[in-house]
Amino acid sequence: MAEALHDEGFEVSMAINAVEALRVLVALESACLVLLDWEIPRVDGRGLVERLRQDERFAGTRVVVMSAEPGPLPPGAVGVLRKPVRLEALLEAVRRHCPARGAVRTPA
1 MAEALHDEGF
11 EVSMAINAVE
21 ALRVLVALES
31 ACLVLLDWEI
41 PRVDGRGLVE
51 RLRQDERFAG
61 TRVVVMSAEP
71 GPLPPGAVGV
81 LRKPVRLEAL
91 LEAVRRHCPA
101 RGAVRTPA
């Protein structure tokens, strides 16, 4: 997925867990979009979204959740991609939320 986004001109940063995702975001200082695996290791997706919303630097950062579980839109998210994520759906979501071409991704 990261390679496909890069090929489309998006800047992509990755993290293997929520703690690393927060470090990456702080280092970047801003992000257009976070693609978040709802079952991310160490801190679940809900916990990461709550932390983002509590930090004024990232309170407005859009989050699209990737989840295999059906259900409503998680609090704080602007969209959901159902796993397995289709590349076409991923690109559509990123283009919709990042017209200026920039994205940050957490593990899928």
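Quick note on UniProt numbering: the sequence shown kicks off at 1 and runs consecutively.
A virtual CB, placed ideally from N, CA and C, is assigned to each residue, including glycine.
None of these values were measured; they are calculated from a predicted model.
According to DSSP, is residue i part of a helix, a strand, or is it coil?
i   : result
V64 : strand
L33 : strand
Does the distance between the C-beta of residue i and the nearest non-hydrogen atom of the ligand HEM fall short of 6 Å?
i  : result
L5 : The ligand HEM is absent from the structure shown, which contains no ligands of any kind.
Who are the Cβ neighbours of residue i in its own chain at under 7 Å, not counting the five residues just before and after it?
i   : result
A89 : L81
V78 : R62, V63, V64 and H97
Here's the rule I'm using: 16 or more other beta-carbon atoms within 10 Å means buried, otherwise exposed. How should residue i be labelled?
i           : result
I16         : exposed
residue 109 : Missing from the structure shown is residue 109; the chain here goes from 1 to 108 and no further.
Mind checking which residues open and close the alpha helix (DSSP H) that includes residue i?
i   : result
G45 : G45 to Q54
Where do the ends of the beta strand (DSSP E) carrying residue i lie?
i   : result
L73 : From DSSP, L73 is part of no beta strand (DSSP E); its letter is neither H nor E.
For residue i, collect the residues of the same chain with a Cβ closer than 8 Å to its Cβ; drop the 5 residues on either side in sequence, then sort them by chain order.
i   : result
V19 : R42 and V43
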